[in-house]
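My numbering applies: residue 8 is where the sequence shown begins, and numbers increase by one. One structure is given here, and the rest of the page talks about it.
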Amino acid sequence: YNAINFKQQFPWFGKLDARKSFILAQKRVVLNSYKAAKITLAEEIRMTAYTMKELEERIRIVNRYKTIAKQNIDLYTAYASTENKSHTSSMSSSLMLSKIKIRAERYNTILKTQKAKLKYLVQGNVSSISDRLHIKHPKSLGSYLSKLQNNPNYHVKLSEKNVADANKAIQDLSITPDPYVKVGYFNRTEYPDYASVTVGISLPLYGSEKLNSEVARKEVLAAQSASLDYRSSLESEIDIMHAKLTETYHIYNIIQNESLPQLEHMFELSQSSIQNGGDLFAYTNLLEQKLALEEQRTSIKGEYLRTQARLKSLIGEL
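Quick look at the structure:
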């Protein structure tokens with residue numbers, strides 16, 4: 008005989024809702040992972056852009072001092088005809104010029120690599136960067152900590168916990184039976200055809216279902232622990248980055264408002280001394296100190312902005 012059978016099982020006791028919650032939780036993991044990837048890319052672009060601005064300012068500084076060093080060599084050469092000690096000063100200035108040229112070459116090379124990196128990150132040519140290498144008083148630590156819940160990686164951890172919760176709900180419900188309807192039609196050559204309708208329940212294998220439920224419970228605990236641990240590490244990193252931000256801001260103020268003005272005053276005194284026949288070697292030494300301070304100030308500004316970029320990433324800002 009020939010037979011056709013159809014069987015339809017009906018998930019019961021909230022199983023459909025549990026599966027829907029599981030799918031939605033998985034979707035949120037994907038969406039939050041995408042947001043986290045965007046934040047990471049934005050941070051990398053900011054870091055590279057600020058490094059480029061720092062290098063461009065360094066190049067402007069060394070080029071300016073390169074011109075000054077050349078002028079000093081000419082000045083010392085003129086003095087050399089009357090004073091023997093000017094030979095030493097001239098050699099010192101020439102050595103300073105060589106060091107400046109080496110720095111300029113190194114900065115230009117690094118700048119080229121950073122431009123190539125930025126081009127890759129934005130997938131296109133970048134003609135200029137609008138951001139200025141300018142810093143201002145940092146925000147309070149509390150303002151950053153109050154926004155840590157916006158961190159997309161933290162949301163990924165929370166979404167993974169929701170996935171584990173939804174999976175546990177499914178496993179807990181899997182021990183309940185599901186009703187089903189079975190319809191059959193039988194065609195027999197020697198007897199009349201007939202149809203049958205059967206209503207029943209599908210019983211699970213309780214041993215394996217309970218084991219799966221226990222495994223799911225452990226996964227929930229692990230996901231919950233991971234989310235709490237990530238939040239703690241996030242708070243710690245924000246605290247560390249904010250301390251670094253504050254430190255660089257204070258160092259910048261010391262260089263800008265104390266060290267450079269003092270050196271500028273010494274520089275003016277040295278220039279007056281040279282006009283009265285003073286030592287040219289001391290003047291060259293002051294030039295090198297001033298160059299080092301201006302470069303350090305530029306380095307501090309770049310470090311401040313890169314630290315700020317990291318903090319923005321930690322609180323989920325694009």
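All residues carry an ideal CB built from backbone N, CA and C; glycine is no exception. Bear in mind that the values here come from a model prediction, so they are computed numbers and not experimental data.
Could you give the residue range of the alpha helix (DSSP H) that holds Y187? Along the sequence shown, read from residue 1 onward, the residue named residue 187 stands at position 180. Unbroken run through Y187 is the beta strand (DSSP E), 185-194; no alpha helix (DSSP H).
- request: Count the C-beta pairs between the segment 14-23 and the segment 175-190 that are closer than 8 Å, then say yes if the count reaches three, no if not.
  value: yes
Problem set entry | Extent of the continuous beta strand (DSSP E) run through K14 | Along the sequence shown, read from residue 1 onward, the residue named residue 14 stands at position 7. Here the beta strand (DSSP E) through K14 covers 9-16.
Enumerate in chain order the residues of its own chain whose CB-to-CB distance from A76 is below 7 Å, with the five nearest sequence positions on each side excluded. Counted from its first residue, the sequence shown places residue 76 at position 69. The answer, listed in chain order, is S100, M103, L104, I107.
Whose C-alpha, out of L128, T58, T74, is nearest the C-alpha of L48?
Reading the sequence shown from its first residue, position 41 is the one you call residue 48. Ranking the options by Cα distance to L48, first place goes to L128.
Margin query: Can you tell me whether Y311 is helix, strand or coil according to DSSP?
Written below: For the purposes of this step, residue 311 is identified with residue 304 of the sequence shown, where counting begins at 1. Helix, per DSSP.
Within 10 angstroms of its Cβ, does L31 collect 16 or more other Cβ (buried), or is it exposed? Residue 31 sits at position 24 when you count from the first residue of the sequence shown. That one is exposed.
Quick one: grab the DSSP three-state call for S209. The sequence position of residue 209 within the sequence shown is 202, counting from 1. The answer is strand: DSSP assigns S209 an E or B state.
Item to complete: Give every residue of the same chain whose Cβ lies closer than 8 Å to the Cβ of A233, excluding the five residues on either side of it in the sequence, and list them in chain order.
Response: In the sequence shown, residue 233 corresponds to position 226, counting from 1. Result list for A233: K164, E167, K168, in chain order.
Worksheet item: Are at least three pairs of beta-carbons, each pair with one atom in the segment 28-45 and one in the segment 141-153, less than 8 Å apart?
Response: no
* To do: Could you tell me which of A10, K14, S28 sits nearest to D185, measuring between CA atoms?
  => Stepping through the sequence shown from its first residue, residue 185 is reached at position 178. Answer by Cα proximity: K14.
Taking 7 Å as the cut-off, is the CB of K42 close to at least one heavy atom of the ligand MN? The model depicted lacks the ligand MN and carries no ligand whatsoever.
Nearest by alpha-carbon distance to A316: which of E51, L38, T255 is it?
Position 309 of the sequence shown holds residue 316. Minimum Cα distance to A316 is reached at E51.
So if DSSP puts V204 in a beta bridge, which residue, or which two residues, is it bridged to? Position 197 of the sequence shown, counted from the first residue, corresponds to residue 204. Answer by DSSP bridge pairing, in chain order: V190.
Worksheet entry | Whole-angstrom distance between D200 and N9, CA atom to CA atom | By one-based count along the sequence shown, residue 9 stands at place 2. By one-based count along the sequence shown, residue 200 stands at place 193. Cα to Cα, the separation comes out at about 10 Å.
Worksheet entry | Three CB pairs or more closer than 8 Å across the segment 303-314 and the segment 56-70 | yes
Among E302, K319, L318, S320, which one has its Cα closest to the Cα of R110?
Along the sequence shown, read from residue 1 onward, the residue named residue 110 stands at position 103. Checking every option, the nearest Cα to that of R110 belongs to E302.
Exercise. For M59 versus L118, is the C-beta spacing smaller than 8 Å?
Worked result: Residue 59 sits at position 52 when you count from the first residue of the sequence shown. Residue 118 sits at position 111 when you count from the first residue of the sequence shown. Result yes, Cβ atoms of M59 and L118 sit closer than 8 Å.
Determine the direct distance from the alpha carbon of T291 to that of T84, and round the result to whole angstroms. Working through the sequence shown from its first residue, we reach residue 84 at position 77. Working through the sequence shown from its first residue, we reach residue 291 at position 284. Roughly 14 Å separates the two Cα atoms.
Quiz item: What are the boundary residues of the alpha helix (DSSP H) that S166 is part of?
Solution: The count along the sequence shown starts at 1 and reaches residue 166 at position 159. It spans 159-180 - the alpha helix (DSSP H) in which S166 sits, taken as one unbroken run.
What first and last residue would you give for the alpha helix (DSSP H) that runs through L152?
-> Here residue 152 refers to the residue found at position 145 when the sequence shown is read from its first residue. Element bounds for L152: 148-152.
Using the C-alpha atoms, what's the distance from K42 back to H141? Against the sequence shown, residue 141 aligns to sequence position 134. Against the sequence shown, residue 42 aligns to sequence position 35. Taking the straight line from one Cα to the other gives about 28 Å.
Check: Would you call the CB atoms of L300 and L252 closer than 8 Å?
Finding: In the sequence shown, counting from the first residue as 1, residue 300 sits at position 293. In the sequence shown, counting from the first residue as 1, residue 252 sits at position 245. No, the pair does not count as a contact, with Cβ atoms beyond the cut-off.
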